[in-house]
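First the structure, in the form of structure tokens, and then the observations on it.
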Amino acid sequence: MFDPIIIDAKKKHFADMAAIADALLENGLDIVRKHSTGRGIDKYEYSTVISDSMEFLSHEQLGDRLRVNIGLQWVRMSAEDINRFLAHLRADYHELESKDIVTVITDNPYELVEALRVLIRRRTLTGTCPVCKDW
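In this note's numbering, the protein residues as written are 15 to 149.
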């Protein structure tokens with residue numbers, strides 16, 4: 015039997031987690047695109063649109079922008095919310111199981127952006143956290 019209270023709680027929980035992912039993609043990261051440059055170390059560049067203006071970002075600039083967004087959210091959120099969100103993100107982005115988030119951002123910020131986009135689009139989460147482990 016489906017419990018309407020649990021169904022509503024799940025919807026709210028998943029919406030809360032998706033809202034966190036959405037906030038991490040502010041400042042144009044929600045629409046950032048990856049482009050091949052054909053060069054060695056900087057073989058990719060990224061582009062986004064801010065205030066109707068095309069903006070190009072290097073690997074480092076993309077990582078910096080993601081770090082700023084994460085830093086802002088970590089200030090706004092409780093430790094419990096952060097841990098819940100990371101539990102779900104780890105289940106979808108397995109690189110976070112063996113690396114901390116700072117290393118992931120340094121190594122490949124675009125893959126993390128893509129994982130966050132998937133969470134937002136799907137509006138359902140894999141993995142469990144202390145809130146939803148018994149559902």
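For glycine and all other residues, C-beta sits at the position ideal for the given N, C-alpha and C.
- Under the DSSP assignment, residue 71 falls in the beta strand (DSSP E) whose first and last residues are 67-71.
- Taken in chain order, the unbroken stretches of alpha helix (DSSP H) that lie wholly in the segment 61-107 and span 4 residues or more are 73-90, 93-106.
- For a cut-off of 8 Å, the C-beta gap from residue 28 to residue 139 is around 6 Å, short enough to register as a contact.
- By the CB criterion at 8 Å, residue 119 and residue 80 fall inside the cutoff.
- Residue 137 sits in coil when the DSSP states are folded into three classes, being neither helix nor strand.
- Between the beta-carbon of residue 62 and that of residue 45 there is about 6 Å, and that keeps the pair under the 8 Å contact cut.
- The segment 105-116 makes no contact with the segment 60-76; the number of CB pairs closer than 8 Å stays below 3.
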